[in-house]
Amino acid sequence: MEPADHPRPSPQPLAYLSYLTATVDDVREKVAELGGYTRLLGPEASKAGTFKDPADAAALLASRALLRLLLARELNAEPLATRGLEITRHCPGCGVADHGQPRHRRRAVSLSRTREMVMAAVAPAGVLLGVDVERGPALSAKGIFPGFDDAVLAPGERAAVAAAARPDALRLALFSAKEALLKAAGVGLAIEPASFLVSADPLGPPAGWTPVHTPGVDSGPVYLQPVDTGAGHVASLACTAPLLLERLDIGKLLGQ
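This is how it looks when you write it as structure tokens:
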């Protein structure tokens with residue numbers, strides 16, 4: 005059974021979006037202190053066994069544990085209550101329920117992962133939420149696949165990339181932004197990323213939310229915010245409301 009909802013005191017309760025990024029190694033270390041992935045995730049931990057590459061399995065476990073730990077904090081539950089949180093999943097492409105967009109009945113939730121870094125976010129129920137983290141070109145040149153510009157970039161973005169000092173970094177930052185926006189819309193890559201324009205500078209310093217008209221969302225713009233992850237990765241937040249942001253680290257998440 006999930007804990008009762010006791011939001012922290014605030015002039016506008018829950019009018020914020022909490023998020024964090026962490027390395028896979030840092031999450032594994034913190035989870036080990038709590039008894040390991042099986043204790044925190046329960047049967048969900050077995051999903052890692054479907055991956056051939058141990059790095060992919062480790063990233064899956066870290067991302068799902070991070071989301072559950074963040075959700076537990078937002079519900080004022082103890083970290084060890086994470087396995088009891090009812091997170092369902094839906095893949096818009098195949099309809100299978102063991103992967104795809106996570107859902108919770110009392111919060112909007114989203115997560116993303118690479119082999120080295122994971123990201124999670126929780127916001128009030130009723131908004132649409134998406135996050136994405138991508139390996140930067142220094143870690144993986146494979147992110148820029150043949151035909152990338154035609155598949156991912158709108159014409160105006162192609163011109164910006166052509167003039168950029170770091171074109172591959174801008175390409176991946178735009179891809180991350182579009183992934184987050186399309187996750188928030190709930191359509192994933194069923195919508196072609198090249199079909200819409202991200203006018204914000206995803207490589208610039210975070211300067212507040214930028215509205216982006218996103219396919220699949222008819223109620224208004226989706227707001228975009230780039231996330232500074234340090235060297236090696238690019239990341240993005242997308243939400244249908246320009247909420248106050250609360251960035252956590254893995255230690256603060258666990259009250260350390």
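Following this note's numbering, the numbering of the sequence shown begins with 5 at its first residue and continues without gaps.
Ideal Cβ positions, reconstructed from N, Cα and C, are used throughout, including at glycine.
The model shown is predicted, which means the values in this text are computed figures rather than measured ones.
Could you give the DSSP three-state label for residue i: helix, strand or coil?
i      : result
Ala189 : helix
Thr118 : coil
Asp222 : coil
Leu24  : strand
Pro230 : strand
Leu241 : strand
Val35  : helix
Val202 : coil
Pro58  : helix
Ala125 : strand
Arg111 : strand
Arg170 : coil
Is the beta carbon of residue i sitting closer than 8 Å to the one on residue j?
i      : j      : result
Pro219 : Ala181 : no
Leu132 : Ala189 : yes
Arg119 : Asp29  : no
Met258 : Ser22  : Correcting the residue identity first, residue 258 is Leu in this sequence and not Met. No; because the gap between Cβ atoms is not below 8 Å, this pair is not in contact.
Ala52  : Leu64  : yes
Arg87  : Leu38  : no
Ile254 : Lys56  : no
Might you give, ordered along the chain, the residues of its own chain that have their beta carbon closer than 7 Å to the beta carbon of residue i, omitting 5 neighbours on each side?
i      : result
Glu261 : Outside the shown range of the chain (5 to 260) lies residue 261, about which nothing can therefore be said.
Gly140 : Ala173, Leu176, Gly236, His237, Val238
Arg162 : Asp153
Val31  : Ala66, Ala69, Leu70, Val122, Ile254
Do you know offhand how far residue i's Cα is from residue j's?
i      : j      : result
Val126 : Leu248 : 12 Å
Ala166 : Val216 : 22 Å
Glu183 : Val191 : 10 Å
Val226 : Ala242 : 6 Å
Val202 : Arg170 : 17 Å
Ala245 : Glu78  : 18 Å
Ala36  : Ala62  : 13 Å
Gly160 : Phe179 : 14 Å
Arg72  : Leu228 : 23 Å
Ala164 : Ala66  : 35 Å
Pro83  : Leu24  : 16 Å
Val137 : Ala26  : 11 Å
Ser14  : Asp153 : Any reading at Ser14 needs caution, since the residue's pLDDT is 39, under 50, leaving its predicted position unreliable; the model's value is listed next. Those two C-alpha atoms are separated by around 44 Å.
Ala211 : Thr233 : 15 Å
Gly151 : Ala112 : 34 Å
Phe200 : Ala158 : 6 Å
Leaving aside the five residues before and after residue i along the sequence, list all residues of the same chain whose C-beta is less than 6 Å from its C-beta, in chain order.
i      : result
Ala177 : Pro206, Leu207, Val238
Arg110 : Ala129
Pro197 : Val156, Lys182
Val135 : Ser114, Ser116, Met123, Ala125, Ala184, Leu241
Glu250 : Tyr20, Ser22
Quick one: give me the first and last residue of the beta strand (DSSP E) that residue i is part of.
i      : result
Arg107 : 105–107
Glu250 : 248–251
Pro215 : 214–216
Glu138 : 133–139
Span of the alpha helix (DSSP H) holding residue i?
i      : result
Pro83  : From DSSP, Pro83 is part of no alpha helix (DSSP H); its letter is neither H nor E.
Leu257 : 254–257
Leu207 : Run containing Leu207: none; DSSP gives neither H nor E here.
Ala155 : 152–156
Leu45  : 41–45
Among residues of its own chain, excluding the 5 on either side of residue i, which ones have a beta-carbon nearer than 8 Å to its beta-carbon?
i     : result
Thr42 : Ala49
Leu89 : Glu6, Arg72, Leu75, Ala76, Leu79, Ala81, His108
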